[in-house]
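Right, one structure below, let's go through it.
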Amino acid sequence: ACYNNLAASILTRQWSSTLKGEGEFPATHLLLATHNAESVRCARAICDAGGAKSSIAFAQLQGMADEISCELIDASHSTMALPVYKYLVWGSTGECMKYLLRRAQENKDAVQRTRDCRNAMWTELVRRCKNALS
Numbered sequence: 057a058c059y060n061n062l063a064a065s066i067l068t069r070q071w072s073s074t075l076k077g078e079g080e081f082p083a084t085h086l087l088l089a090t091h092n093a094e095s096v097r098c099a100r101a102i103c104d105a106g107g108a109k110s111s112i113a114f115a116q117l118q119g120m121a122d123e124i125s126c127e128l129i130d131a132s133h134s135t136m137a138l139p140v141y142k143y144l145v146w147g148s149t150g151e152c153m154k155y156l157l158r159r160a161q162e163n164k165d166a167v168q169r170t171r172d173c174r175n176a177m178w179t180e181l182v183r184r185c186k187n188a189l190s
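Counting in the numbering used here, the sequence shown runs from 57 upward without gaps.
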């Protein structure tokens, strides 16, 4: 909730109980780098409702939360297109594994996302097969 409230405050350029300040809110640009689907959807809803006063882009680690990236890209076909980035890990195998393990520990909901990703892939596969046959 705190992360979403901070993101909403920055995106709408409004002080809140979570992000306290005085005077005019500064000009901001937001890169929402999260694997949390709820956080992405909350920010997207603000943008779709026309409440965004800051520019926004989304980013996720390549191979994690790919279904969220695909959802954002798919939504851009029917509404306002927003930038979506994937970043990748670069370094020795040992360095990369340490980094990825830290990200996995931070993302305890990864097991549920794996199920969601599997379901999203299945839905996409069925959609593509139907399109190919029609």
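A virtual CB, placed ideally from N, CA and C, is assigned to each residue, including glycine.
Taking residue i as part of the alpha helix (DSSP H), name the residues at either end of that continuous run.
| i | result |
| --- | --- |
| residue 96 | 93-104 |
| residue 156 | 149-162 |
| residue 125 | 122-131 |
Using only CA atoms, which one of the options lies nearest to residue i?
| i | options | result |
| --- | --- | --- |
| residue 148 | 142, 62, 156 | 156 |
| residue 108 | 66, 179, 141, 175 | 66 |
| residue 85 | 143, 113, 71, 118 | 113 |
| residue 175 | 106, 121, 74, 104 | 121 |
| residue 116 | 75, 145, 171 | 145 |
| residue 106 | 127, 129, 142, 138 | 138 |
| residue 162 | 92, 99, 187 | 92 |
Please list, in chain order, all residues of the same chain as residue i whose beta carbon is under 8 Å from its beta carbon, the five residues on each side excluded.
| i | result |
| --- | --- |
| residue 95 | 59, 60, 63, 88 |
| residue 126 | 176, 180 |
| residue 71 | 65, 77, 78, 81 |
Compute the Euclidean distance between the alpha carbons of residue i and residue j, then round it to the nearest angstrom.
| i | j | result |
| --- | --- | --- |
| residue 110 | residue 101 | 14 Å |
| residue 150 | residue 159 | 14 Å |
| residue 97 | residue 182 | 24 Å |
| residue 171 | residue 124 | 13 Å |
| residue 187 | residue 153 | 39 Å |
With DSSP as the reference, identify every bridge partner of residue i, one or two as the case may be.
| i | result |
| --- | --- |
| residue 190 | Looking at the DSSP assignment, residue 190 forms no beta bridge with any residue, so it has no partner. |
| residue 113 | 87 |
Can you name, in chain order, every residue of its own chain whose Cβ lies under 6 Å from the Cβ of residue i, other than the five neighbours on each side?
| i | result |
| --- | --- |
| residue 118 | 142, 144 |
Go to residue i, then tell me how far its beta strand (DSSP E) extends in each direction, as first and last residue.
| i | result |
| --- | --- |
| residue 62 | Looking at the DSSP string, residue 62 is not in any beta strand (DSSP E); the run it does join, the alpha helix (DSSP H), is 58-68. |
| residue 89 | 85-89 |
| residue 140 | 140-143 |
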